[in-house]
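Take a look at the structure set out below.
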Ligand SMILES: Nc1ncnc2c1ncn2[C@@H]1O[C@H](COP(=O)(O)OP(=O)(O)OP(=O)(O)O)[C@@H](O)[C@H]1O
Ligand SMILES: [Mg+2]
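Numbering (full-length UniProt numbering), first residue to last: 1 to 503.
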């Protein structure tokens with residue numbers, strides 16, 4: 001095999017944790033190599049050791065046969081190892097061209113030559129079939145486009161290894177296809193590409209070989225054609241998923257009194273006015289492509305983006321939901337999609353992060369007794385299988401998926417009457433998915449009402465009593481009871497937009 005990168009015996013210790021225990025990873029030229037494992041298995045840590053973001057505590061890395069020890073990501077990039085993280089690590093308010101040229105602007109007489117920088121940037125993007133205005137700020141474009149810009153930048157700086165850490169987490173199906181087209185082309189040019197993802201379908205669609213980690217150790221790998229899905233899941237979990245899922249049952253549909261009712265509710269430019277009723281004990285799924293207005297609808301309901309039309313009733317009482325505080329007071333909760341910006345307080349511990357919303361609702365002058373806190377926190381650590389050595393561990397030091405579980409626990413333990421979950425299983429590994437769905441169903445059986453946004457249509461179809469489909473910021477279909485199926489949701493999403501009739 002023509003190895004471009006050979007990492008042997010990589011070890012990384014954190015206080016109280018062996019994050020990596022003598023891990024090997026060998027990348028061949030011109031391959032897509034999937035790096036897999038449960039939340040906290042050590043994937044991101046391994047990447048950070050390879051890219052110089054962390055100093056390793058043991059092991060060797062050979063790049064083209066020569067030992068390397070990058071001391072920073074810039075260092076790694078110069079050697080030929082580029083990385084694109086899930087949260088695009090570029091500067092959102094700089095222009096696309098500035099982002100691409102950052103740190104190596106063409107200079108003339110000591111001044112940045114804007115015109116030639118823009119020309120060069122446009123040329124770089126043409127390679128990726130991306131024809132956008134490079135003088136506009138990066139955040140004027142979708143996450144998918146930003147990601148391609150990030151890849152273009154990484155590849156232009158590093159031409160040996162490209163690492164993609166959960167790059168598809170917030171892309172829709174068409175965007176994933178586009179990204180994969182680019183990945184295949186780069187592979188054919190001889191790059192070794194590391195692909196980290198929890199979406200197994202995608203792993204099988206794009207990868208040539210795979211490496212599986214569990215608890216910071218290598219537990220298997222090989223050509224994807226030799227590792228079937230069941231074997232892969234067994235490697236990742238160390239036990240049978242079929243066994244773990246055997247307790248699954250279908251719920252009785254919620255047909256209690258309305259828990260939350262919205263009439264003609266909307267906000268211009270964010271979401272078209274809609275009517276929505278969620279009954280006590282009911283799970284309503286919200287489906288649609290990225291950008292269809294799902295998150296916007298949730299944010300308007302929760303008062304993050306105050307509504308400018310319509311009325312709301314929660315538990316039979318008319319409410320003005322003009323701020324999150326008002327929504328929380330009305331007995332609502334909202335677990336957002338973007339945990340990095342909307343939820344995690346990285347340097348607070350697991351216990352404090354979990355208690356945050358509940359404590360805020362009670363008011364800070366009435367602290368929840370410590371023993372009560374410990375009981376609630378321990379309960380949710382167990383139920384959601386949060387992997388943390390102790391409850392005071394700063395959440396920023398947990399793996400991405402475990403951070404997600406902490407935020408979820410924060411809202412679940414408030415026990416709100418009406419809870420909105422935006423992509424509750426994103427970034428969560430295959431074993432914990434089942435756990436989270438079981439917790440969701442259990443809560444509804446106890447009378448909580450849920451509005452769940454998810455791109456995992458199979459899951460949505462499994463637990464939803466009703467599914468609302470959105471497109472272009474409006475509700476376009478509603479499926480109930482026996483009509484709810486993955487196929488029906490897909491058809492509704494894909495159906496041709498209806499002709500708008502004049503009012
Ligand atoms: N900065 C840090 N300080 C202390 N411990 C850390 C730090 N970063 C990671 N860890 C620990 O190292 C282990 C591996 O975490 P890592 O982030 O590599 O997991 P992962 O495989 O990327 O998981 P996920 O799928 O959830 O992203 C975890 O137990 C985590 O708590
Ligand atoms: Mg990770």
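Yeah, the Cβ is synthetic: ideal placement off N, Cα and C, and Gly gets one too.
Alpha-carbon spacing of residue 203 relative to residue 313, whole angstroms: In this model, residue 203 and residue 313 are separated by some 44 angstroms (Cα to Cα).
Heavy atom of ligand 1 within 7 angstroms of residue 44 beta-carbon: Yes.
Counted within 10 angstroms of its Cβ, other Cβ atoms place residue 390 as buried (16 or more) or exposed: Around the beta carbon of residue 390, fewer than 16 other beta carbons sit within 10 angstroms, so the residue counts as exposed.
Residues that DSSP places opposite residue 337 in a beta bridge: Residue 337 is not bridged to any residue.
Helix, strand or coil at residue 217 [DSSP, three-state]: Correct three-state label for residue 217: strand.
Residue 399 beta carbon near ligand 2 (any heavy atom closer than 7 angstroms): Checking the Cβ of residue 399 against ligand 2 gives yes.
Nonlocal neighbours in the same chain, by C-beta distance under 8 angstroms from residue 386, ignoring five residues either side: Around residue 386, the same chain offers 350, 380, 398, 402, 405, 406 and 409 as residues with beta carbons nearer than 8 angstroms, after the five sequence neighbours per side are excluded.
Supposed close pair residue 456, residue 468 - CB separation, criterion 8 angstroms: Contact doesn't hold; Cβ gap of about 16 angstroms is too wide.
Sheet register partners of residue 478 (DSSP bridge): Answer is 468.
Classification of residue 191 by the beta-carbon crowding that lies within 10 angstroms, buried from 16 upward: Label assigned to residue 191: buried.
Same chain only: Cβ atoms within 7 angstroms of residue 43, ignoring 5 sequence neighbours per side: 35, 37, 196 and 213, listed in sequence order.
Best match in 230, 74 and 369 for proximity to residue 155 [C-alpha to C-alpha]: Restricting attention to 230, 74 and 369, the CA atom closest to the CA of residue 155 is found in 74.
Where the alpha helix (DSSP H) containing residue 33 begins and where it ends: Boundaries for residue 33: no alpha helix (DSSP H) harbours it, while the beta strand (DSSP E) harbouring it runs 31 to 36, taken from the DSSP string.
Any non-hydrogen atom of ligand 1 within 7 angstroms of residue 14 CB: Yes, the Cβ of residue 14 comes within 7 angstroms of a heavy atom of ligand 1.
Coarse secondary structure for residue 55, derived from DSSP in three states: It is coil, neither helix nor strand.
Beta-bridge partners of residue 345, as assigned by DSSP: Residue 345 is not bridged to any residue.
Distance between residue 63 and residue 5 (C-alpha atoms, nearest Å): Linking residue 5 to residue 63 through their CA atoms gives a straight-line distance of about 5 angstroms.
Buried/exposed call for residue 364, threshold 16 Cβ in 10 Å: Residue environment analysis places residue 364 among the exposed positions, since fewer than 16 neighbouring C-beta atoms fall within 10 angstroms of its C-beta.
Start-to-end residues for the alpha helix (DSSP H) that takes in residue 401: Per DSSP, residue 401 belongs to the alpha helix (DSSP H) from 400 to 412.
Simplified DSSP state of residue 246, which is helix, strand or coil: The predicted model places residue 246 with a pLDDT of 37, which falls under 50 and marks its position as unreliable; any figure quoted below should be read in that light. Annotated three-state conformation of residue 246 is coil, per DSSP.
Beta-carbon proximity of residue 354 to residue 377, cut-off 8 angstroms: Taking 8 angstroms as the cut-off, the Cβ atoms of residue 354 and residue 377 count as close.
Buried/exposed call for residue 473, threshold 16 Cβ in 10 Å: So residue 473 ends up on the buried side.
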